[in-house]
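Numbering (this note's numbering), first residue to last: 18 to 115.
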């Protein structure tokens with residue numbers, strides 16, 4: 018299933034405007050944070066998750082639509098940490114509102 022299909026299933030038709038703005042949002046975040054965006058991760062139902070590079074270091078960009086009275090809607094830049102394989106460390110200082 019496509020990202021659009023997964024997001025529509027989870028959030029309903031109210032997510033359509035956010036999906037339409039998503040390419041511009043990703044470009045803006047990439048420019049703001051100095052990211053080179055890569056391929057999206059498959060799966061997931063809450064938002065868009067993409068591989069990216071920042072200063073040559075692999076990072077993950079996760080972007081979610083805003084939801085009322087929730088912390089969702091804040092794209093977060095996550096970088097791999099020295100923790101066990103597969104774990105990621107996320108810094109709240111690298112969170113942007115959109």
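Where a beta carbon is used, it is the ideal one built from N, C-alpha and C, also for glycine.
Only a predicted model underlies this, so the values are computations on that prediction, with no experimental measurement involved.
Buried versus exposed, by CB contacts within 10 Å (16 or more), residue i
| i | result |
| --- | --- |
| residue 74 | exposed |
| residue 64 | buried |
| residue 24 | buried |
Chain-order list of residues whose beta-carbon lies under 8 Å from that of residue i (same chain, five-residue window excluded)
| i | result |
| --- | --- |
| residue 70 | 52, 53, 55 and 76 |
Proximity winner among the options, relative to residue i (alpha-carbon distances)
| i | options | result |
| --- | --- | --- |
| residue 57 | 49, 50 and 66 | 66 |
| residue 22 | 46, 62 and 44 | 62 |
9 Å Cβ cutoff, residue i in contact with chain D
| i | result |
| --- | --- |
| residue 75 | Among the chains in the structure shown there is no chain D, since it carries only a single protein chain. |
Span separating the alpha-carbon of residue i from that of residue j
| i | j | result |
| --- | --- | --- |
| residue 32 | residue 72 | 32 Å |
| residue 50 | residue 83 | 20 Å |
| residue 48 | residue 26 | 30 Å |
| residue 38 | residue 80 | 12 Å |
| residue 34 | residue 40 | 12 Å |
| residue 45 | residue 20 | 19 Å |
| residue 30 | residue 36 | 10 Å |
| residue 78 | residue 59 | 13 Å |
| residue 18 | residue 42 | 22 Å |
Boundaries (first-last residue) of the alpha helix (DSSP H) holding residue i
| i | result |
| --- | --- |
| residue 26 | 20-28 |
Same chain, Cβ closer than 6 Å to residue i, neighbours up to 5 away in sequence not counted
| i | result |
| --- | --- |
| residue 68 | 55 and 56 |
Span of the beta strand (DSSP E), counted from its first residue to its last, around residue i
| i | result |
| --- | --- |
| residue 71 | 65-71 |
| residue 117 | Any property of residue 117 remains undetermined from this structure, which presents the chain solely from 18 to 115. |
| residue 82 | Run containing residue 82: none; DSSP gives neither H nor E here. |
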